[in-house]
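Chemist: Shown below is the structure under consideration.
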Amino acid sequence: MMTNLFSVFDPSAIFNLSLNWLSTFIGLLMIPSIYWLMPSRYNIFWNSIIMTLHKEFKTLLGPLSHNGSTFIFISLFSLILFNNFMGLFPYIFTSTSRLTLTLTLALPLWLSFM
Numbered sequence: 001m002m003t004n005l006f007s008v009f010d011p012s013a014i015f016n017l018s019l020n021w022l023s024t025f026i027g028l029l030m031i032p033s034i035y036w037l038m039p040s041r042y043n044i045f046w047n048s049i050i051m052t053l054h055k056e057f058k059t060l061l062g063p064l065s066h067n068g069s070t071f072i073f074i075s076l077f078s079l080i081l082f083n084n085f086m087g088l089f090p091y092i093f094t095s096t097s098r099l100t101l102t103l104t105l106a107l108p109l110w111l112s113f114m
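In terms of full-length UniProt numbering, the numbers along the sequence shown are unbroken and rise by one, the last being 114.
Set out below in structure tokens:
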């Protein structure tokens with residue numbers, strides 16, 4: 001039971017793993033299965049979403065963009081999407097609201113594309 005409103009932000013740990021940062025790594029659990037398993041409906045659906053995002057970012061970046069530059073934006077979009085989606089559940093604090101995570105994502109990308 002919560003003692004106050006801000007106890008959601010207190011780090012709780014099981015096996016010395018902070019549960020607040022678990023939402024950051026939840027997307028990594030889905031990635032390796034596409035390399036050695038037969039594609040399921042979920043994998044086919046996810047590939048169609050990635051291809052649609054690739055086409056959208058390719059039109060936004062223009063014809064002079066490099067070949068791998070759209071995948072940087074797709075992976076960043078997926079990371080932020082999954083983290084913010086996990087924040088919709090009760091008692092889960094999103095790690096994207098921390099300044100340390102947003103600065104480590106924003107500053108290198110901003111410096112590399114300027």
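Note that CB positions come from ideal geometry on N, CA and C, so glycine has one too.
My guess is that F57 and I74 are in contact by the Cβ rule of under 8 Å, so how many angstroms apart are they, rounded?
Modeler: Their Cβ separation, rounded to whole angstroms, is 6 Å, which keeps F57 and I74 in contact under 8 Å.
Chemist: Does DSSP classify R98 as helix, strand or coil?
Modeler: Coil, per DSSP.
Chemist: Can you tell me the Cβ-Cβ gap for L76 and L105, rounded? I've got them flagged as a contact below 8 Å.
Modeler: Right, the Cβ-Cβ distance comes to about 7 Å (below 8 Å), so this counts as a contact.
Chemist: Check this for me: beta carbons of T70 and L64, under 8 Å apart or not?
Modeler: Not closer than 8 Å, so no.
Chemist: Return the first residue and the last residue of the alpha helix (DSSP H) that M51 is part of.
Modeler: Note, M51: alpha helix (DSSP H), R41 to L61.
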